[in-house]
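Report on one structure; see the data block that follows.
Protein chains in written order, with this note's numbering: chain A, 9 to 147; chain B, 48 to 266; chain C, 9 to 367.
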């Protein structure tokens, strides 16, 4: 029996007139504005946890389009790929963490000059110093 | 008893009992009332324009001249909450689903936000009418325990249903269970109280209209 | 492996950024503010490993499966690297008397400090004979093990609320952990099975803050069980618009409309499926087109049918027909009584004449 005999058709495309937008995304822009203002005034970074909000894929696309592409994309290869991309609004970073299978595990909008994850930790830098010292000693 | 057990009881045995008492009471009272019979009026019937059972059924839905001004709260409030209740009960999605499950027929429903808004308006009208009943000395004097009781029994399902959907005061599961329980109390009380007017209203209007029409009086 | 955790992880090739990333995701799933991820990473990097004893009772091993086969074993495994799992029948190499000995040793060595994880319900019928390990009943073993535990974590709906074994008519007399252990803090992590990250999240919380997370009135961590499936469901807007799938293969189902009418228990179920999802964030029951069964709620098995809408009757009406007949009969009876009364009144009616009145 071929699969065509099954009378159920899966609709993959979004039906016209129903883009799947819930209207939950636009208010986030207001929250981002407040966070950007806080960053400018006090230098305190903040973040929005996108995976904790009821956003449909269409909402996410809308938000991404609204913020636009930025100049910097950082790729972190740590137990699956993570991307940290600055959006068209400098200081607003779209951070996507993926696992080794490539599935998204969490997504954040971080409002900061540079995301913490990009900076090297002093202890790691110290380890780097040891490596350099060892290299020099071996010369 | 956990929340879910409480809810399951109200959806199961509780509903079963309430519907049983409701059906028993409604059939009992309808049969009793309509088999009472009346003596045949042997007088020659008179005719007058606008005097018939059907006329009275409709005419009594409108306030008599001047009455709207004298007690606007009773008329406008009464209309608002009766229509509101009808919209909530017969056009709310979960309610239609219940009706479909019980009797097998269903029809389109209204969005939940609209039902929520209707509930607020309905409750406002009912509270206003209660305040009017307390404030007006004559109304207060005429009110018996049954009046206060039936008001509460009608009000509670609306309140609990609205609070459940708005997530107020109690967790949804408990509030939903209370909502169903309050509706079941309403079902049990309805056949044996003045709330039975839902069934007898048009019949008695027709009867009054008919008797008086025979005498040539439009009422 | 007694040094700070970060060194242990580094030896296994786990970098700090990997760990930070994991903590950020974990914090997100625990509904902690995004900044908490960093605090967690710092605290956890420095902790030492607590001893954990895992007791399986009347269960199906689904909970263990859920956790050990979670999407990214290395990541979830990190948490297991942070603890010293001293007894877990399914995972441990030892068997028979050796295994029981390992448990006794761990209980003695860490008395008052170890964490006790329990999955499965505890049968009390026939003096607990329905489920025994090494000739001892579950209830016996639990009482002994709980005595020296710092806290008990009940994993799965069976351990938390009795679950399927306790479902009507409960042939084994199954009870949850909380019915037996009264003097120790208990965290319930219900679900059939529970979401892996909820369990690791609770462990992470214990490791980070040295305490158990805030619990709701059913003993569940509020961070994962604080909201209902319905509140966080991506199909919620369709519920509000009154758009429902009526069958599993109609237009509404294909368009992904709300599954309320198909019996979804999302509105009364507290769990994190809608946000955390399953299988590495691939999907979750509602996203795959099936309503929520309510598996993380007490007595979900007896909740009136998985495919009956919450507003629909849980059972078919039993008394309706009988009540209608009785009602009609009473009505007819009363009607005859009324007639009889009227006829009697008519029969005993005496005509009064003017003469009578003048008497």
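All C-beta atoms, glycine included, are put in the ideal place defined by N, C-alpha and C.
Alpha carbon of residue i to alpha carbon of residue j, nearest angstrom
i: residue 149 (chain B); j: residue 87 (chain B); result: 40 Å
i: residue 165 (chain B); j: residue 235 (chain B); result: 25 Å
i: residue 67 (chain A); j: residue 112 (chain A); result: 16 Å
i: residue 123 (chain C); j: residue 135 (chain B); result: 52 Å
i: residue 128 (chain C); j: residue 64 (chain C); result: 6 Å
i: residue 115 (chain B); j: residue 122 (chain B); result: 6 Å
i: residue 64 (chain A); j: residue 56 (chain A); result: 16 Å
i: residue 49 (chain B); j: residue 306 (chain C); result: 7 Å
i: residue 124 (chain A); j: residue 300 (chain C); result: 38 Å
i: residue 357 (chain C); j: residue 349 (chain C); result: 12 Å
i: residue 89 (chain B); j: residue 70 (chain B); result: 37 Å
i: residue 81 (chain C); j: residue 67 (chain B); result: Because residue 81 (chain C) sits at a pLDDT of 49, beneath the cut-off of 50, its placement in the model cannot be relied upon, and the point is left open.
i: residue 139 (chain C); j: residue 171 (chain C); result: 15 Å
i: residue 260 (chain C); j: residue 323 (chain C); result: 26 Å
i: residue 308 (chain C); j: residue 105 (chain A); result: 34 Å
i: residue 147 (chain C); j: residue 87 (chain A); result: 42 Å
i: residue 25 (chain A); j: residue 58 (chain C); result: Low local confidence applies: a pLDDT of 44 at residue 25 (chain A) is under 50, so the model's placement there is unreliable, with the coordinate-based value given in what follows. Those two C-alpha atoms are separated by around 56 Å.
i: residue 33 (chain A); j: residue 90 (chain C); result: 38 Å
i: residue 33 (chain C); j: residue 280 (chain C); result: 14 Å
i: residue 102 (chain A); j: residue 224 (chain C); result: 33 Å
i: residue 114 (chain A); j: residue 30 (chain C); result: 9 Å
i: residue 120 (chain A); j: residue 127 (chain A); result: 12 Å
i: residue 181 (chain B); j: residue 187 (chain B); result: 5 Å
i: residue 146 (chain A); j: residue 139 (chain A); result: 11 Å
i: residue 23 (chain A); j: residue 243 (chain C); result: Note that residue 23 (chain A) scores a pLDDT of 45, beneath 50, so its modelled location is shaky; the value from the coordinates is reported in the next line. Their backbone Cα atoms lie some 16 Å apart in a straight line.
i: residue 215 (chain B); j: residue 231 (chain C); result: 20 Å
i: residue 102 (chain B); j: residue 256 (chain B); result: 7 Å
i: residue 194 (chain B); j: residue 129 (chain B); result: 16 Å
i: residue 340 (chain C); j: residue 235 (chain C); result: 53 Å
Whole-number beta carbon distance between residue j and residue i, since they are thought to touch under 8 Å
i: residue 166 (chain C); j: residue 177 (chain C); result: No, residue 166 (chain C) and residue 177 (chain C) are not in contact; Cβ-Cβ is about 16 Å, not under 8 Å.
i: residue 27 (chain C); j: residue 49 (chain C); result: 6 Å
i: residue 278 (chain C); j: residue 228 (chain C); result: 7 Å
i: residue 302 (chain C); j: residue 59 (chain B); result: About 15 Å separates the two Cβ atoms, so there is no contact after all.
i: residue 192 (chain B); j: residue 76 (chain B); result: Not quite, the Cβ-Cβ distance comes to about 20 Å (not below 8 Å), so this is no contact.
Contact set between residue i and chain C, taken where Cβ atoms lie within less than 9 Å
i: residue 252 (chain B); result: Simply none; closest approach about 21 Å.
i: residue 30 (chain A); result: 242, 244 and 245
i: residue 82 (chain B); result: 339, 340, 342, 343, 344, 346 and 347
i: residue 49 (chain B); result: 169, 226, 305, 306 and 307
i: residue 219 (chain B); result: 236, 238, 239, 275 and 276
Chain C contact residues for residue i, given Cβ-Cβ distances below 7 Å
i: residue 78 (chain B); result: 336, 339, 340 and 343
i: residue 72 (chain B); result: 335
i: residue 86 (chain A); result: 23, 25, 26 and 29
i: residue 195 (chain B); result: By Cβ distance, chain C contributes nothing, its closest Cβ being about 27 Å from residue 195 (chain B), past 7 Å.
Residue(s) in a DSSP beta bridge with residue i
i: residue 61 (chain C); result: C:95 and C:124
i: residue 340 (chain C); result: Residue 340 (chain C) is not bridged to any residue.
i: residue 118 (chain A); result: A:55 and A:101
i: residue 196 (chain C); result: C:162
i: residue 211 (chain B); result: Note: residue 211 (chain B) sits in no beta bridge, so no partner.
i: residue 66 (chain C); result: C:129
i: residue 278 (chain C); result: C:236
i: residue 141 (chain C); result: C:144
Test: residue i CB closer than 8 Å to a CB of chain D
i: residue 158 (chain B); result: Among the protein chains in the structure shown, which are A, B and C, there is no chain D.
Contact list for residue i against chain B, beta-carbon separation under 9 Å
i: residue 252 (chain C); result: 140, 144 and 156
i: residue 198 (chain C); result: None at all; the shortest Cβ gap to chain B is about 12 Å.
Chain A residues whose Cβ lies nearer than 7 Å to that of residue i
i: residue 242 (chain C); result: 62 and 64
i: residue 46 (chain C); result: 124
i: residue 204 (chain C); result: Those within 7 Å of residue 204 (chain C) in chain A number zero; the least Cβ separation is about 12 Å.
Chain B residues whose Cβ lies nearer than 8 Å to that of residue i
i: residue 325 (chain C); result: 62, 63, 66, 67 and 149
Contacts that residue i makes with chain C (C-beta to C-beta distance below 8 Å)
i: residue 112 (chain A); result: 289
i: residue 33 (chain A); result: Neighbours of residue 33 (chain A) on chain C: none; closest Cβ ~12 Å, over 8 Å.
i: residue 117 (chain B); result: Ordered by position in chain C, no residue passes the 8 Å Cβ test against residue 117 (chain B), which lies about 39 Å from the chain.
Closer than 8 Å at the beta carbon, the chain A residues around residue i
i: residue 42 (chain C); result: 54, 55, 56, 57, 116 and 118
Amino acids of chain B, ordered along the chain, whose beta-carbon sits closer than 7 Å to that of residue i
i: residue 248 (chain C); result: 158, 159 and 160
Scan the stretch 63-84 of chain A for residues whose Cβ lies nearer than 8 Å to a Cβ of chain C and list them as they occur along the chain.
The stretch 63-84 of chain A vs chain C, Cβ under 8 Å: 63, 64 and 84.
Taking beta-carbon pairs under 8 Å, can you tell me which members of the stretch 20-36 of chain C lie near chain A?
Against chain A - using a Cβ distance shorter than 8 Å - the residues of the stretch 20-36 of chain C are 22, 23, 24, 25, 26, 28, 29, 30, 32, 33 and 36.
Taking any Cβ of chain B, which residues in the stretch 310-322 of chain C have a Cβ under 9 Å from it, in chain order?
310, 311, 312, 316, 317, 318, 319, 320, 321 and 322
Could you please tell me which residues of the stretch 266-297 of chain C, in chain order, have their CB closer than 7 Å to any CB of chain A?
283, 288, 289 and 290
Below 9 Å between beta carbons is the criterion; list the residues of the stretch 214-230 of chain C that meet it against any residue of chain A, in chain order.
none
Short-range partners of chain C found in the stretch 114-134 of chain A, where Cβ spacing is below 8 Å:
When C-beta distances to chain C are compared with 8 Å, the residues of the stretch 114-134 of chain A below that value are 114, 116, 118, 124, 125, 129, 131 and 132, in chain order.
Select from the stretch 93-107 of chain A all residues with a C-beta closer than 7 Å to any C-beta belonging to chain C, and list them in chain order.
105 and 107
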